[in-house]
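Engineer: All the letters of the sequence shown, read from the start, carry residue numbers 84 to 267 under the numbering used here.
Cβ coordinates follow ideal geometry from the N, Cα and C atoms, glycine included.
The structure displayed is predicted, hence computed values, not measured ones.
Sending over a structure as structure tokens; questions will come in a sec.
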Amino acid sequence: MKNELTNDILKVLYTEEQLNERVRELGAEIAERFAGRQPLFVGILKGSVLFLADLIRACPLRCDLEMMAVSSYGNATASSGRVRINHDLQQDIRGRDLILVEDILDSGNTLCFLKDYLKAKGAASITIVTLLDKPSGRQKAVNADYVGFTVPDAFVVGYGLDYAQFYRNLPYIGILKPEVYEKS
Ligand code: PRP
Numbered sequence: 084m085k086n087e088l089t090n091d092i093l094k095v096l097y098t099e100e101q102l103n104e105r106v107r108e109l110g111a112e113i114a115e116r117f118a119g120r121q122p123l124f125v126g127i128l129k130g131s132v133l134f135l136a137d138l139i140r141a142c143p144l145r146c147d148l149e150m151m152a153v154s155s156y157g158n159a160t161a162s163s164g165r166v167r168i169n170h171d172l173q174q175d176i177r178g179r180d181l182i183l184v185e186d187i188l189d190s191g192n193t194l195c196f197l198k199d200y201l202k203a204k205g206a207a208s209i210t211i212v213t214l215l216d217k218p219s220g221r222q223k224a225v226n227a228d229y230v231g232f233t234v235p236d237a238f239v240v241g242y243g244l245d246y247a248q249f250y251r252n253l254p255y256i257g258i259l260k261p262e263v264y265e266k267s
């Protein structure tokens with residue numbers, strides 16, 4: 084159905100059904116790996132929110148949940164590599180098995196920083212789950228333990244991912260028409 088959001092989408096990369104299926108697979112794999120343990124899911128705001136909500140429902144584990152918000156210094160299109168914490172954990176994580184949930188791993192700056200930060204806080208283990216991996220953007224040597232989809236070097240939005248804070252509520256992931264970000 085065409086509307087003011089979908090008009091800006093060049094191509095649908097992953098449909099709602101494909102996302103559902105992949106998230107259920109990831110949830111089952113994670114649940115098997117952490118069976119009998121009590122991991123702490125840490126969602127990174129804001130992009131991970133939709134993925135996180137679906138992933139934890141696909142993970143029948145005794146687990147709890149924290150959110151962190153971080154941002155990179157610098158302009159909006161290129162990551163500067165310096166990361167600032169805007170919202171921190173609300174509990175002691177010493178000895179905990181963390182499952183870090185991201186919508187996209189691009190330059191790696193965010194996850195590189197978070198891994199060091201959370202290790203220093205005493206996490207027993209850190210497992211990274213990202214819905215999307217964009218290896219072409221990588222600046223830091225960081226990899227995810229679980230990847231939903233590997234994406235090409237294109238501007239992807241939807242299912243939590245934004246452009247200028249919009250499009251997060253699209254139920255699918257699509258490539259944004261270049262004229263949308265070129266005109267602003
Ligand atoms: C996005 C995404 C990751 C980060 C990945 O967040 O959610 O946290 O960028 O990029 P990197 O690998 O280059 O560090 P963003 O800063 O856009 O904030 P948002 O989640 O609120 O959209």
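Looking at Leu201 and Ala227, is the spacing between their C-beta atoms short of 8 Å?
Structural biologist: No.
Engineer: Would you please state the rounded distance, in angstroms, between the beta carbons of Val263 and Tyr246? I believe it to be under 8 Å.
Structural biologist: Between Tyr246 and Val263 the Cβ distance is about 7 Å, and since that is below 8 Å, they are a contact.
Engineer: In the DSSP assignment, find the alpha helix (DSSP H) that holds Leu102 and state where it starts and stops.
Structural biologist: That run of the alpha helix (DSSP H) goes 99–116.
Engineer: Can you find the residues in the same chain that come closer than 6 Å, C-beta to C-beta, to Phe117, ignoring five residues on each side of it along the sequence?
Structural biologist: So the list reads Leu144, once near-sequence residues are dropped.
Engineer: So, for Arg221: in the same chain, excluding its five sequence neighbours on each side, which residues have a beta-carbon less than 6 Å away from its beta-carbon?
Structural biologist: Contacts found: Gly191.
Engineer: Under three-state DSSP, which class holds Leu138?
Structural biologist: Leu138: helix per DSSP, three-state reduction.
Engineer: Would you list, in sequence order, the uninterrupted beta strand (DSSP E) runs of no fewer than 3 residues that lie entirely inside the region 163–231?
Structural biologist: Taking only runs of at least 3 residues, the beta strand (DSSP E) segments lying wholly in the region 163–231 are 166–170, 180–188, 208–216.
Engineer: Should Leu188 be counted as a contact of the ligand PRP given a C-beta to heavy atom distance under 7 Å?
Structural biologist: Yes, the Cβ of Leu188 comes within 7 Å of a heavy atom of the ligand PRP.
Engineer: Looking at the structure shown, is Asp91 part of a helix, part of a strand, or coil, going by DSSP?
Structural biologist: Three-state result, Asp91: helix.
Engineer: Any contact between the region 85–92 and the region 147–156? By contact I mean 3 or more CB pairs, one from each, below 8 Å.
Structural biologist: The answer is no - the region 147–156 does not touch the region 85–92, with fewer than three Cβ pairs under 8 Å.
Engineer: Could you tell me the alpha carbon to alpha carbon distance between Leu244 and Arg120, rounded to whole angstroms?
Structural biologist: Using only the alpha carbons, I get a separation of about 30 Å.
Engineer: Let me check one thing: in DSSP terms, what residues is Ala152 bridge-paired to?
Structural biologist: Partner(s): Leu128, His170.
Engineer: Under 8 Å between the Cβ atoms of Ile256 and Val239?
Structural biologist: In this structure, Val239 lies closer than 8 Å to Ile256 by Cβ.
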